[in-house]
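K.L.:
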Amino acid sequence: MLDLLLPHHDVVDRLGIPEVCFLGPDENTATGGLPDWAAERARERGAWFWKAFTTGKRPQNGGIPHDVFGMTTASVETYVRGKQQQQQQQQQQQQQQQQRRRGRCRRLLRARRSKRQKNPTRIYEKLGLDEREVTRIQTGGPDGDLGSNALLQTKSKTLAVVDGAGVVYDPEGLNAEELRRLASLRFKGEKTSSMLFDSSLLSPKGFKVPQDARDITLPDGTYVASGIEFRNNFHLSEFAVCDLFNPCGGRPASINPQNVEKLFEQQTGIPKFKFIVEGANVFITDEARRELENRGVILFKDGKSLFFFGLF
């Protein structure tokens, strides 16, 4: 990559303008100090853009840890919440930043947030909704960077959390304090997941299904043969009905042209989710996304509209 980007007599420049390409390793590909090594190697090669050559670096090399600062979460919540609520959230986050970081890293983050604050496209604000009355389901739980921050910040009524460990669900709403407790464990360096949710806090209709579960029956009589299959397809199940669906994790293309019809009631065709705000992993394919929007779902796409606002 550097051989192509840096000027050299063997490289033919057909554009005639400087090009800056960067590496964005994800999904556990940035292990073993690779981002820092790549950035430092770019500096050794004389690349003026060495600090921007790769994401995932240490702060000493210009990296901004988005999980610590809640950057991707802030951008996701910007689209979900109203301006006043977002300003309050930003003030709280700025106070936390002062305790965690000083110097240039903090100043850069503040500048980015001031730009995001001007974005008028926020669901709750535009529709005049009270966040506390909005029901929410999210993939990506307390063990993930984006999922944990989302649980810490949201004031909505969370019905279900799906993560690598399994599914925790309660139609009456999951206990918010318990969700925040689980999310906080991640920042203490302790093991956490949806399966550590205190079962005594579930209503009679609530349940937990571990990913390794086999042949279990849910409180309503639903039979679950495989915990993994139940987890992977929970967003398509009859339990997944709410106002806001917030994918903060999961596999790409989990919603695609082959299964998008399952996101609508069979008899009425009414969407099971009024709003979808993608937080990570390109959860929905373009074809499925267009189908959802054409049939009345308010949807904010992952990627440029959300991820890039928060990650860089």
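Using UniProt numbering, the letters of the sequence shown correspond one by one to residues 1 to 312. For every residue, glycine included, the Cβ atom is placed at its ideal position computed from N, Cα and C.
Any contact of the segment 244 to 257 with the segment 194 to 213, i.e. 3+ C-beta pairs under 8 Å?
P.N.:
The segment 244 to 257 vs the segment 194 to 213: no contact.
K.L.:
Given a cut-off of 8 Å on the beta-carbon distance, is the pair Gly-56 and Pro-25 in contact?
P.N.:
Start at 1 with the first residue of the sequence shown, and residue 56 comes out as number 56. Start at 1 with the first residue of the sequence shown, and residue 25 comes out as number 25. Yes, the pair counts as a contact, with Cβ atoms nearer than the cut-off.
K.L.:
Consider the Cβ of Pro-18: report whether some Cβ of chain C lies at a distance smaller than 8 Å.
P.N.:
No chain C appears in the structure shown, which is made up of a single protein chain.
K.L.:
DSSP three-state label for Gly-166, please.
P.N.:
Numbered from 1 along the sequence shown, position 166 holds the residue referred to as residue 166. Of the three classes helix, strand and coil, the one that applies to Gly-166 here is strand, per DSSP.
K.L.:
In this structure, does DSSP put Ile-216 in helix, strand or coil?
P.N.:
Indexing the sequence shown from 1 puts residue 216 at position 216. Ile-216: strand per DSSP, three-state reduction.
K.L.:
Excluding the five sequence neighbours on either side, which residues of its own chain have a C-beta within less than 8 Å of the C-beta of Asp-47, listed in chain order?
P.N.:
The residue you call residue 47 lines up with position 47 of the sequence shown. The residue you asked about is not Asp; residue 47 is Ala in the sequence shown. If we look at Ala-47 and ignore the five residues flanking it on each side, its Cβ neighbours are Leu-2, Leu-5, Leu-6 and Phe-53.
K.L.:
Taking the straight line between their C-alpha atoms, what separation do you get for Tyr-169 and Ala-160?
P.N.:
Here the question's residue 169 lines up with position 169 in the sequence shown. Here the question's residue 160 lines up with position 160 in the sequence shown. Computed Cα separation, rounded: 4 Å.
K.L.:
Since I believe Gly-279 is in contact with Asn-246 (beta carbons under 8 Å), could you give me their beta-carbon distance rounded to a whole number of angstroms?
P.N.:
Against the sequence shown, residue 246 aligns to sequence position 246. Against the sequence shown, residue 279 aligns to sequence position 279. Going by Cβ atoms, the distance from Asn-246 to Gly-279 rounds to 6 Å, so yes, they are a contact pair.
K.L.:
With distances taken Cα to Cα, identify the nearest neighbour of Ser-199 among Thr-192, Ala-183, Leu-185 and Glu-178.
P.N.:
Here residue 199 refers to the residue found at position 199 of the sequence shown. Out of Thr-192, Ala-183, Leu-185 and Glu-178, Glu-178 has the C-alpha closest to the C-alpha of Ser-199.
K.L.:
Can you tell me whether Pro-219 is buried or exposed, with buried defined as 16 or more other CB within 10 angstroms of its CB?
P.N.:
Start at 1 with the first residue of the sequence shown, and residue 219 comes out as number 219. Classification of Pro-219: exposed, given that the 10 Å Cβ count is below 16.
K.L.:
What is the DSSP secondary structure of Asn-175, counted as helix, strand or coil?
P.N.:
Along the sequence shown, read from residue 1 onward, the residue named residue 175 stands at position 175. Here Asn-175 sits in coil by DSSP.
K.L.:
Going by DSSP in three states, Phe-273 sits in which element: helix, strand or coil?
P.N.:
On the sequence shown, residue 273 is found 273 positions in, with the first residue counted as 1. Strand.
K.L.:
Closest by CA to Glu-172, which one among Cys-242, Asp-212 and Tyr-124?
P.N.:
As a working note, residue 172 is residue 172 in the sequence shown. It is Cys-242.
K.L.:
Hey, Asp-143 and Ser-193 are a contact pair by Cβ (cut 8 Å); roughly how many whole angstroms apart?
P.N.:
Here residue 143 corresponds to residue number 143 of the sequence shown, with the count starting at 1. Here residue 193 corresponds to residue number 193 of the sequence shown, with the count starting at 1. Right, the Cβ-Cβ distance comes to about 5 Å (below 8 Å), so this counts as a contact.
K.L.:
Would you tell me roughly how many angstroms separate the C-alpha atoms of Leu-133 and Phe-22, rounded to the nearest one?
P.N.:
For the purposes of this step, residue 133 is taken as the residue at position 133 of the sequence shown. For the purposes of this step, residue 22 is taken as the residue at position 22 of the sequence shown. The question names Leu, yet the displayed sequence has Glu at residue 133. If you take the alpha carbons of Glu-133 and Phe-22, they lie about 42 Å apart.
K.L.:
What is the DSSP secondary structure of Phe-234, reduced to helix, strand or coil?
P.N.:
What you label residue 234 is simply residue 234 of the sequence shown in a count that begins at 1. In the structure shown, Phe-234 sits in a helix (DSSP, three-state: H, G or I).
K.L.:
Among the residues of its own chain, which have a CB less than 7 Å from the CB of Thr-268, if the five just before and after it don't count?
P.N.:
Residue mapping note: residue 268 aligns to position 268 of the sequence shown, counting from 1. The answer is none, since no qualifying residue turns up.
K.L.:
Please confirm whether Leu-244 and Val-277 have their CB atoms less than 8 Å apart.
P.N.:
Position 244 of the sequence shown, counting from 1, holds the residue named residue 244. Position 277 of the sequence shown, counting from 1, holds the residue named residue 277. Yes; because the gap between Cβ atoms is below 8 Å, this pair is in contact.
K.L.:
Would you kindly check if the distance between the Cβ of Glu-293 and the Cβ of Leu-299 is under 8 Å?
P.N.:
Stepping through the sequence shown from its first residue, residue 299 is reached at position 299. Stepping through the sequence shown from its first residue, residue 293 is reached at position 293. In this structure, Glu-293 lies closer than 8 Å to Leu-299 by Cβ.
K.L.:
Quick test of your reading: Ala-183 and Ser-148, contact by CB under 8 Å. State the CB separation rounded to the nearest angstrom.
P.N.:
Your numbering for residue 183 matches position 183 in the sequence shown. Your numbering for residue 148 matches position 148 in the sequence shown. About 4 Å separates the two Cβ atoms, so the contact holds.
K.L.:
Taking the alpha-carbon positions, what's the His-295 to Pro-271 distance?
P.N.:
The count along the sequence shown starts at 1 and reaches residue 295 at position 295. The count along the sequence shown starts at 1 and reaches residue 271 at position 271. Note on identity: in this sequence residue 295 is Arg, with His being the wrong assignment. For Arg-295 and Pro-271, the distance between alpha carbons rounds to 8 Å.
K.L.:
Verify whether the separation of the beta carbon atoms of Leu-151 and Arg-180 is less than 8 Å.
P.N.:
Within the sequence shown, the letter at position 151 stands for residue 151. Within the sequence shown, the letter at position 180 stands for residue 180. Yes.
K.L.:
Here's the rule: buried if 16 or more other CB atoms are within 10 angstroms of the residue's CB, otherwise exposed. What is Leu-15?
P.N.:
In the sequence shown, residue 15 corresponds to position 15, counting from 1. Exposed, by the Cβ-count rule.
K.L.:
Would you report the Cα separation of Thr-285 and Gly-250, rounded to the nearest angstrom?
P.N.:
For the purposes of this step, residue 285 is taken as residue 285 along the sequence shown, with counting starting at 1. For the purposes of this step, residue 250 is taken as residue 250 along the sequence shown, with counting starting at 1. Taking the straight line from one Cα to the other gives about 13 Å.
K.L.:
Go through its chain and collect everything with a Cβ distance to Ile-216's Cβ below 6 Å, but skip five positions before and after it.
P.N.:
To locate residue 216, count along the sequence shown from 1; it is residue 216. Around Ile-216: Val-224.
K.L.:
Pick helix, strand or coil for Asn-259, following the three-state DSSP scheme.
P.N.:
Here residue 259 corresponds to residue number 259 of the sequence shown, with the count starting at 1. Correct three-state label for Asn-259: coil.
K.L.:
So, for Lys-301: in the same chain, excluding its five sequence neighbours on each side, which residues have a beta-carbon less than 7 Å away from its beta-carbon?
P.N.:
Within the sequence shown, the letter at position 301 stands for residue 301. Answer for Lys-301: Glu-278 and Arg-289, listed in chain order.
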